[in-house]
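Heads up, the thing below is written out as structure tokens.
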């Protein structure tokens with residue numbers, strides 16, 4: 005018989021608000037993403053100086069993961085938590101900034117700091133480094149939020165015992181339009197891990 009897995013916790017960043025399990029942790033009136041995310045970082049006592057070197061997609065994903073994973077009793081050396089993230093725009097927000105640095109031949113100034121983040125999965129690396137995650141990770145591009153894929157992939161990793169837990173979700177940003185929804189799947193939890201429940205949680209904020 006297939007083992008059942010549950011959702012144990014979830015987080016949102018959207019509409020100038022950061023929440024975990026439906027509880028608001030931080031809110032701000034600023035409609036500018038850079039201003040908002042810096043204020044959230046400081047208020048939530050994130051304590052990771054590399055945060056300020058990240059692109060906006062990585063900042064969004066990192067903070068959404070950080071507020072969720074802080075609740076976990078993580079090991080100091082290694083944690084077997086896989087990451088399955090997705091969005092609809094890949095690294096487009098950063099790609100445009102990179103393109104702006106190279107489009108003018110007369111003022112050609114490509115930035116290595118920007119170029120580093122022209123792959124969407126770089127944000128997974130930032131999260132893995134901070135929380136010492138040593139399992140599989142994938143970043144998928146869909147034209148919409150795809151709970152079916154997240155559920156099937158997460159369950160596959162857990163049933164094959166490639167991971168003890170899986171952090172799944174949707175992290176998308178284009179200039180000042182952004183949303184992050186992440187949830188943790190494991191053996192213990194109170195919320196059924198099915199598409200109906202994933203969609204319900206996604207729409208909470």
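Residue numbers (my numbering): 5 to 209. Using N, Cα and C, we set each Cβ at its ideal position, and we do this for glycine too. Quick caveat, the model's predicted, so the values are computed rather than measured.
Proximity below 8 Å, CB of residue 64 to CB of residue 128
When the beta-carbon positions are compared, residue 64 and residue 128 stay at least 8 Å from each other.
Specify whether the stretch 75-87 and the stretch 49-62 touch according to this definition: at least 3 beta carbon pairs, one from each stretch, less than 8 Å apart.
A contact is defined here as three or more CB-CB pairs under 8 Å, and the stretch 75-87 fails this definition with respect to the stretch 49-62.
Assumed close pair residue 140, residue 166 - CB separation to whole angstroms, cut-off 8 Å
Contact between residue 140 and residue 166 holds: their C-beta atoms lie close to 6 Å from each other, under 8 Å.
Answer yes if the stretch 142-153 comes into contact with the stretch 186-193, meaning at least three C-beta pairs across the two stretches below 8 Å, and no otherwise.
Taking 8 Å as the limit for Cβ pairs, the verdict is that the stretch 142-153 does not touch the stretch 186-193.
Ordered along the chain, which non-local residues of its own chain (more than five positions away) have a Cβ less than 8 Å from that of residue 182?
Cβ within range, chain order: 17, 18, 37, 60, 64 and 176.
If you count every other CB in all the chains shown that lies within 10 Å of the CB of residue 164, and 16 or more means buried, which is it?
With fewer than 16 other Cβ atoms within 10 Å, it is exposed.
Rounded to a whole number of angstroms, what is the C-alpha to C-alpha distance between residue 66 and residue 131?
Distance between the alpha carbons of residue 66 and residue 131 is about 6 Å.
Hey, residue 11 and residue 201 are a contact pair by Cβ (cut 8 Å); roughly how many whole angstroms apart?
Correct: roughly 7 Å between the Cβ atoms.
Enclosing alpha helix (DSSP H) for residue 173 [first to last residue]
From DSSP, residue 173 is part of no alpha helix (DSSP H) but of the beta strand (DSSP E) over 169-178.
Pick from 7, 24 and 20: whose alpha carbon is nearest that of residue 13?
Comparing Cα-Cα distances from residue 13 to each of 7, 24 and 20, the minimum goes to 24.
Taking the straight line between their C-alpha atoms, what separation do you get for residue 35 and residue 135?
Annotation: residue 35 to residue 135 spans about 29 Å, alpha carbon to alpha carbon.
Could you tell me which uninterrupted alpha helix (DSSP H) segments, each at least 4 residues in length, are contained entirely in the stretch 29-105, listed from first to last along the chain?
Segments of the alpha helix (DSSP H) lying fully in the stretch 29-105: 37-47 and 60-73.
Do residue 92 and residue 32 have their CB atoms nearer than 8 Å?
Inclusion of residue 92 and residue 32 in the CB contact set at 8 Å is not warranted, their separation being larger than that value.
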